[in-house]
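Chains as they are written, first to last, in my numbering: chain A, 1 to 362; chain B, 1001 to 1324.
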């Protein structure tokens, strides 16, 4: 992340020195979520200088959007958050005549995203992924036996299994709207239910495994998995793959796996959108169109190991990535993915309150 | 270099050594009937108005509103409709805080953690301040400098450094394991212990500095008198030094206690998930529930929980000052 910030600083300096006409594009995106040369290429092609900031939670982005006047031209909320923010009037409709590269997008995935943004009026998929399980192959084998096959939520949701892993560190995402539905799904309930009794059942199950969980956090597990400080983490697909890459880079002997459990997992889309008060919507459209270029998207996927929704880029994505069922799930696995539900204020409050109870016992 | 030279060229020579525009400003204030004393008082008053009172009123206003899917995410308090001003105040947010024991226990835990942290900071800071105040002149400045030195690096970096020190694969565990004192690493991160370490470490200078300022002024002839009258060094400390340093203890304790109660960053980075402090509850209300009105109500309630002990302490300090 620091590298990226330095890069964008260097970029903006270079751009201001060479360009007479100065346009700035302010982007707010997830941390560790772009290729090293994407912004450089964009500036080279369009002459627009980029200021690039990062966040690691939808909640932080949402607070900024709801306050207004964030100064950002492009933000990348996750699908269910996007839906609520559209309802709050945060985003402007896209001018599709400025986005010829929309033709590159995968129709089926864009249709999936249209569940949150009818007609894809406001946003385009940046990357998508699943919420599954990242694990340290050796540490898990050591504790559960060499023959244990990691393919189920049992690894974290079965109280006896997870208790055996507690000593090497198990972490959950600090995201109630992802973890409680996952537990509901494990219990055989509909993960998309908004029934508070179902939330309570999911939370009650999480309380049974609570003592085996070391922490709840949505980004720390990347480093901890890579360093061997944690052996099992419920996490976002690409983040676990980044932990894998970091461990390889460090050559520390840590081998990490990612699995979409056979019971199913949450599928989410991170969507590029333009706030209504964006200072530079024209440049923002240029950027969205630039990202939808087959080569540019392929470069990002090759770097961050998240699946993209760009059909034209597929031949340009590394075979190693396209063939990994953790990134591009098999058709059968796809059947069992579910999309996030948008909750009303009452359900939001209930699920956050239950989550606090799971975490603190109060 | 050239930049500096240019800067000094720009400044008119007569302004060196005093504030530019001081004379005309003073004249203008005098015409308004405000003397230099009023000016001195006006600056902190304006400061408090702009940076305390106005934000407080804004937060109080939001706390009486109702949550909505909008931007910003709450309903306006008043509306003009057909020339009629309709005002809707919603006290439900405060009632809601009382209805769920979560808020009460989070307040209590915050106060407990802040209280113990203040005590630890006092126990560690007092001897340090005492030693610095008793150190010979040149040494004293170096020691004071060392107390302030950590402020030159970012607060966040220093807390992150503690992660590196305390974590399972961290410095302490490595050291203890390599000398064979322990076989298994001790889990220190994500515990209350780590939160205490972080808070005491971060706020220790705020305890030491007021204590030092107080102890350095201590009249040594009083100590000599006590010893002439037969008091041992411990009795002298208990009956002379300690009572005289009470104002320093109060000042230092307040400076540690108040920010520690509302602390969010340290428990978020070092604490475990069961460390339930009010800062985290506030975060949840604001970010996870998007319920700005309830979040504001928590903030206002927190202010009152803090104001009462502060006022009590100040009263105690004042009455103490009256005795001596």
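All C-beta atoms, glycine included, are put in the ideal place defined by N, C-alpha and C. Since we're looking at a predicted model, the values are computed, not measured.
| Check | Outcome |
| --- | --- |
| State the Cα-Cα distance for the pair residue 1174 (chain B) and residue 1131 (chain B), rounded to the nearest angstrom. | 32 Å |
| Tell whether a beta-carbon distance below 9 Å holds between residue 32 (chain A) and residue 260 (chain A). | no |
| Is residue 306 (chain A) helix, strand or coil by DSSP? | coil |
| With distances taken Cα to Cα, identify the nearest neighbour of residue 267 (chain A) among A:317, A:99, A:50, A:112. | A:112 |
| Using the three-state DSSP reduction, which class does residue 1186 (chain B) fall into: helix, strand or coil? | coil |
| What does DSSP give as the partner residues of residue 171 (chain A) in its beta bridges? | A:215, A:233 |
| Assuming contact is defined by CB atoms lying nearer than 9 Å, are residue 1072 (chain B) and residue 67 (chain A) in contact in what I supplied? | yes |
| Which residue's Cα is closest to the Cα of residue 1278 (chain B): B:1111, B:1196, B:1200? | B:1111 |
| Along the alpha helix (DSSP H) that carries residue 199 (chain A), what are the first and last residues, could you check? | 196 to 209 |
| Which residues mark the beginning and the end of the beta strand (DSSP E) in which residue 1141 (chain B) is found? | Segment 1137 to 1148 is the alpha helix (DSSP H) holding residue 1141 (chain B); no beta strand (DSSP E) there. |
| Among the candidates A:84, A:273, A:284, A:198, whose CA atom is the shortest distance from the CA of residue 351 (chain A)? | A:198 |
| Between residue 30 (chain A) and residue 1134 (chain B), what straight-line distance do the alpha-carbon atoms span, to the nearest angstrom? | 53 Å |
| Should residue 355 (chain A) be labelled buried (16 or more other beta-carbon atoms within 10 Å of its own) or exposed? | buried |
| Quick check on DSSP: helix, strand or coil for residue 23 (chain A)? | strand |
| I want to see whether chain B comes within less than 9 Å of residue 78 (chain A), judged by CB atoms only; does it? | no |
| According to the neighbour-count rule (16 or more other Cβ atoms, all chains shown, within 10 Å of its Cβ), is residue 1167 (chain B) buried or exposed? | buried |
| Alpha carbon to alpha carbon, how far is residue 1220 (chain B) from residue 1136 (chain B)? | 14 Å |
| For a minimum of 3 consecutive residues, which ranges assigned as the beta strand (DSSP E) are wholly contained in the stretch 1249 to 1301 of chain B? | none |
| Please tell me whether residue 1015 (chain B) has its Cβ less than 9 Å away from any Cβ of chain A. | Note that residue 1015 (chain B) scores a pLDDT of 45, beneath 50, so its modelled location is shaky; the value from the coordinates is reported in the next line. No, no contact with chain A. |
| Around the Cβ of residue 81 (chain A), are there at least 16 other Cβ atoms within 10 angstroms (buried) or fewer (exposed)? | buried |
| Please list, in chain order, all residues of the same chain as residue 42 (chain A) whose beta carbon is under 6 Å from its beta carbon, the five residues on each side excluded. | 290 |
| Is the beta carbon of residue 1270 (chain B) less than 9 Å from the beta carbon of residue 1171 (chain B)? | no |
| Is it right to say residue 1253 (chain B) is buried, meaning 16 or more other beta carbons lie within 10 angstroms of its own, or is it exposed? | buried |
| In whole angstroms, what is the alpha-carbon distance linking residue 1257 (chain B) and residue 1308 (chain B)? | 13 Å |
| Residues in its own chain within less than 7 Å of residue 340 (chain A) by CB, not counting five upstream and five downstream? | 79, 80, 177, 266, 268 |
| Give a yes or no on whether 9 Å exceeds the smallest Cβ distance from residue 222 (chain A) to chain B. | no |
| Quick one: what does DSSP say residue 153 (chain A) is sitting in, helix, strand or coil? | coil |
| Taking the CB atoms as reference points, tell me whether residue 134 (chain A) and residue 185 (chain A) lie closer together than 9 Å. | no |
| Whose C-alpha, out of B:1147, B:1201, B:1126, is nearest the C-alpha of residue 1161 (chain B)? | B:1201 |
| Name the chain B residues that come within less than 9 Å of residue 66 (chain A), Cβ to Cβ? | 1070, 1071, 1072, 1073, 1290, 1292 |
| If we cut at 9 Å on Cβ distances, does residue 1003 (chain B) have a partner in chain A? | With a pLDDT of 42 at residue 1003 (chain B), under the threshold of 50, the predicted position of this residue should be treated as unreliable, though the coordinate-derived value follows. No, its Cβ sits nowhere closer than 9 Å to a Cβ of chain A. |
| Decide if residue 1311 (chain B) is buried, meaning its Cβ has at least 16 other Cβ atoms within 10 Å, or exposed. | exposed |
| Roughly how many angstroms lie between the CA atoms of residue 1178 (chain B) and residue 1185 (chain B), to the nearest whole one? | 11 Å |
| Would residue 1226 (chain B) pass as an interface residue toward chain A - the criterion being a Cβ-Cβ separation below 9 Å? | no |
| For a test of the three-state rule: what should DSSP assign to residue 1111 (chain B), helix, strand or coil? | helix |
| Checking 9 Å against the spacing of the C-beta atoms, do residue 127 (chain A) and residue 168 (chain A) come in under that value? | no |
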